[in-house]
Amino acid sequence: MTPDVNLHILVRRFTQLSKAGFFDPAFMEFSKRTADATQHVLDELNYYPDQVVREFSDLLWNALRFISGSRSNDAPHETQYVLRKALSEWVQSDALVSSASLDDLGFYVSLADLWSFIDKTLDRFDSGGYGPLIVQIGSPSAYQHRPVFCIPLFHELGHFVDYHRKITEVTILQNLTQKPAGLTMSDADWQQLCTNHRMEHFADLFGACYCGAATNKSLESIAPNAGNSFTHPATHARVKVVNDFLSGTQNPVVELFQDALVNLRLPKLEVRFVEPDVTCFEDVLTCKLQNEPELYGLFLASWNYLETKLQTKTAPWITGDATTHTIEKTVNDLTEKSLRNFEISERWNDVIAN
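Oh and the sequence shown: position 201 is 1432 in this note's numbering, straight run, nothing missing.
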């Protein structure tokens, strides 16, 4: 099968998406521009090598998952809105935060960069200076309207920031942990293991800056007994690093990152949230958030509230026949509406101000 067969399919798919409904119109622009770049390759098939066309096609398929998942009816919009807020401090760009819906319990980030490839490789294509920075994250489709359970997305956003700003890479250059004597592992594998583990620690710490202890709680709910592996530190080790960070206890892993961030002239790792009072949930009322720190802190406050109500079932709205499902759905609904109300108010105030 020649590679142009898929390109014909993809150019039509991205053209359709350029006319689809998105909360953020920038996704329509992304889809249109991507369709234009795809049509360009189809027009220049005799110029671009097959390998370039195939690599471009692979990147298009990857991007398609996330752009399709970002449509208004499919995206965890409220969580994406908060993620964009968090990202703005670390990346000086109008980055897109896109999502792919998964049919299993998994969260991940894709670091494949379609438009960087277009800029560097498609030398006959005039992008007009267009080159969006796009965060591509995946989350369970069942959690679309469950922001309390989307806390791991802050961890995945941390991976994107780390990759984009080369933070872990700098820590390795500054301080590579010595390989233990007698360890039967090549130096290259040891360095990769250290890199993998530090990447996970940074992503945990990044999430903790915005969600506090809920970062650990969500990790422990997903992988409570995970041991040390080539790709990840053990859960108990990850939890300790985050706990030390939140309590202000000196920890060498935290210090490694703080030093790297200073050298990179990036913001420090620090608590950026304030836990709002969610006792209004007792009356099935949304929480009126006062500022961005409370916007971030709502994830922790809602997790704690949900955890307590599942254990005690003491809220006035919890009837005798209430199930775990009805309790978690109510708390997630209240959390989602609280986030949405903050966003709507912000947009309204922006319109008035301008």
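We treat Cβ as the ideally placed atom computed from N, Cα and C, and that holds for glycine.
Residue closest to residue i, alpha-carbon to alpha-carbon, out of the options
| i | options | result |
| --- | --- | --- |
| S1449 | T1426, V1473, N1459 and S1460 | V1473 |
| P1464 | H1239, V1484, S1288 and Q1489 | V1484 |
| A1532 | E1574, G1443, L1414 and D1514 | G1443 |
| L1388 | L1477, F1433, G1413 and D1255 | F1433 |
| F1287 | D1357, G1300, F1380 and L1273 | L1273 |
| S1405 | D1508, K1544 and F1488 | Rather than Ser, the amino acid found at residue 1405 in this sequence is Gln. Ranking D1508, K1544 and F1488 by Cα distance to Q1405 puts F1488 first. |
| N1522 | Y1339, E1486 and N1572 | N1572 |
| L1537 | N1563, E1577, R1244 and D1435 | N1563 |
| L1500 | T1510, K1519, A1584 and G1479 | G1479 |
| I1575 | K1519, P1455 and Y1441 | K1519 |
| A1439 | T1539, A1454, H1386 and N1456 | H1386 |
| A1294 | F1338, R1244 and P1280 | R1244 |
| L1526 | N1456, K1540, D1508 and A1553 | D1508 |
| T1554 | W1321, K1540 and L1565 | K1540 |
| T1566 | A1251, Y1339 and H1376 | H1376 |
| A1454 | E1577, D1255, F1338 and P1280 | F1338 |
Enclosing alpha helix (DSSP H) for residue i [first to last residue]
| i | result |
| --- | --- |
| S1452 | A1445 to I1453 |
| V1505 | Per DSSP, V1505 belongs to no alpha helix (DSSP H) and is neither H nor E. |
| S1533 | E1523 to T1543 |
| H1376 | Taken as a continuous stretch (DSSP letters only), H1376 belongs to no alpha helix (DSSP H), as it is neither H nor E. |
| Q1311 | H1308 to S1319 |
| L1477 | T1466 to S1478 |
| S1347 | L1345 to T1352 |
| C1381 | Where C1381 is concerned, there is no enclosing alpha helix (DSSP H), given that its DSSP letter is neither H nor E. |
| Y1441 | D1418 to C1442 |
CA-to-CA distance, residue j to residue i, given in whole angstroms
| i | j | result |
| --- | --- | --- |
| L1314 | N1427 | 23 Å |
| D1350 | H1467 | 43 Å |
| H1556 | P1383 | 20 Å |
| T1246 | T1550 | 50 Å |
| F1512 | K1560 | 12 Å |
| G1458 | V1502 | 27 Å |
| F1476 | L1333 | 31 Å |
| C1381 | A1419 | 35 Å |
| N1447 | F1391 | 19 Å |
| R1355 | T1233 | 21 Å |
| R1429 | L1492 | 14 Å |
| A1317 | L1497 | 14 Å |
| S1299 | A1257 | 13 Å |
| D1490 | I1403 | 12 Å |
| L1353 | S1319 | 29 Å |
| W1579 | T1408 | 51 Å |
| V1470 | A1584 | 43 Å |
| D1357 | Y1278 | 15 Å |
| Q1282 | D1335 | 32 Å |
| K1544 | F1461 | 41 Å |
| D1552 | D1581 | 44 Å |
| Y1441 | F1504 | 5 Å |
| I1586 | G1360 | The displayed coordinates of the chain run from 1232 to 1585. Any statement about residue 1586 would go beyond what the structure contains. |
| P1524 | N1456 | 32 Å |
| S1452 | A1251 | 36 Å |
| E1577 | L1570 | 11 Å |
Chain-order list of residues whose beta-carbon lies under 7 Å from that of residue i (same chain, five-residue window excluded)
| i | result |
| --- | --- |
| L1495 | R1396, I1398 and V1401 |
| L1290 | A1343, L1345 and F1348 |
| S1249 | M1259, S1262, K1263 and A1266 |
| S1301 | F1253, F1258, S1329 and S1330 |
| T1310 | P1378, C1381 and L1384 |
| N1482 | V1472, D1475 and F1476 |
Contacts around residue i, its chain only, beta-carbon distance under 8 Å, and the 5 residues preceding and following it disregarded
| i | result |
| --- | --- |
| W1421 | K1410 and L1414 |
| V1242 | A1266, T1269, Q1270 and L1273 |
| M1416 | K1410 and L1424 |
| H1239 | L1273 |
| W1292 | N1237 and L1241 |
| F1297 | S1329, S1330, A1331, S1341, I1365, Q1367, I1368 and G1369 |
| P1547 | E1513 and D1514 |
| L1276 | D1235 and V1284 |
| D1393 | T1399, M1430, F1433, A1434 and F1437 |
| A1445 | I1382, F1530, L1531, W1534 and N1535 |
Any C-beta of chain C under 7 Å from that of residue i
| i | result |
| --- | --- |
| H1467 | Of the protein chains in this structure there is only one, and it is not chain C. |
Cut-off 6 Å between Cβ atoms - residues of its own chain near residue i, not counting five sequence neighbours on either side
| i | result |
| --- | --- |
| E1506 | G1528, L1531 and A1532 |
| K1568 | T1517 |
| Y1312 | E1574 |
| N1535 | none |
First and last residue of the uninterrupted beta strand (DSSP E) at residue i
| i | result |
| --- | --- |
| G1359 | Here G1359 belongs to no beta strand (DSSP E), and DSSP marks it neither H nor E. |
| S1330 | L1327 to L1333 |
| I1368 | I1365 to P1371 |
| V1484 | Note, V1484: premise wrong, no beta strand (DSSP E); alpha helix (DSSP H) at P1483 to N1494. |
| Y1339 | Y1339 to S1341 |
Practice problem: Report yes or no: do three or more beta-carbon pairs, one from the stretch 1356-1372 and one from the stretch 1307-1326, lie closer than 8 Å? | Solution: Touching, yes.
Quiz item: Taking three-plus beta-carbon pairs below 8 Å as touching, is the stretch 1293-1309 in contact with the stretch 1370-1377?
Solution: Short answer: they touch.
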